[in-house]
């Protein structure tokens, strides 16, 4: 285990401006519904937009005025760190908070490099999360070191092929496997990474360092 050092939160609202406005970017719809409801129940916070993908999040960020953005790491169409980088460029003064179900020390460090002000776990107390949104320092906690999912060498080959843009048919041809076997590998990879789509698997694998993004196959 290791302790992640949290930079001080920035981007606090000026006094008298009214509720701090929050943009949520997370693909778990039940989670965003609950969190948006909790935010709107606060007298000084207001959820102005919810996005369930990276593309939608960046589109809404260009339209809605927000003081705070809460971003999940794993999105169906791109990694959350890429969204954080884009949001930081778009809104330099905004408070950017990564809220993830995968609180690891290496991911925390990557989030801060991308421009995040705070890195929180989804199992943190709601009051702690609300405190950070109001400008309080993030809670100190110990994050697990990067162990990563235990993939077999063949699963890593299949995952790397997915990251390069190959589909199941191309992977089967390149690796000399049947389509049925490749689909079984893909299902296992999704389960080990805790995601539901191949796009999310690639995003999670790139962010965790399991693979690097390659050129798309012709």
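Residue numbers (the working numbering): 352 to 569.
Ideal placement from N, C-alpha and C gives every residue a C-beta, glycine not left out.
Beta-bridge partners of residue 421 (DSSP): 375 and 448.
Distance from the CA of residue 543 to the CA of residue 509, rounded to the nearest whole angstrom, comes to 13 Å. For residue 472, the enclosing beta strand (DSSP E) begins and ends at 469-472. With a threshold of 16 other beta carbon atoms within 10 Å, residue 416 falls short and is exposed. Secondary structure note for residue 401: it is in no alpha helix (DSSP H), and the uninterrupted beta strand (DSSP E) holding it is 396-402.
A residue is called buried once 16 or more other Cβ atoms fall within 10 Å of its Cβ, and residue 388, having fewer, is exposed.
Separation of the CB atoms of residue 459 and residue 470 is rounded to 4 Å, and the pair is thereby assigned contact status at 8 Å.
One alpha carbon belongs to residue 522, the other to residue 477, and they sit about 44 Å apart. Below 8 Å, enough C-beta pairs join the segment 420-431 and the segment 442-457 to call them touching: three or more.
Distance from the Cα of residue 376 is smallest, within the candidate group 507, 432 and 392, for 432. Scanning its chain for C-beta atoms nearer than 6 Å, with the 5 sequence neighbours on each side dropped, one finds around residue 383 the residues 375, 377 and 401, in chain order. Within the DSSP bridge table, the entry for residue 430 names 425 as partners.
For residue 397, the closest alpha carbon among the candidates 465, 553 and 369 is that of 369. If you look at residue 457, you'll find it in the alpha helix (DSSP H) that goes 456-465. Secondary structure of residue 502 (DSSP, three-state): coil.
Straight across, the Cα-Cα distance linking residue 546 with residue 473 is about 16 Å. Counting the other CB atoms within 10 Å of its CB gives residue 414 a total below 16, which places it among the exposed residues. In the DSSP assignment, residue 533 falls within the alpha helix (DSSP H) that extends over 530-544. For residue 548 and residue 515, the gap between their C-alpha atoms comes out near 16 Å.
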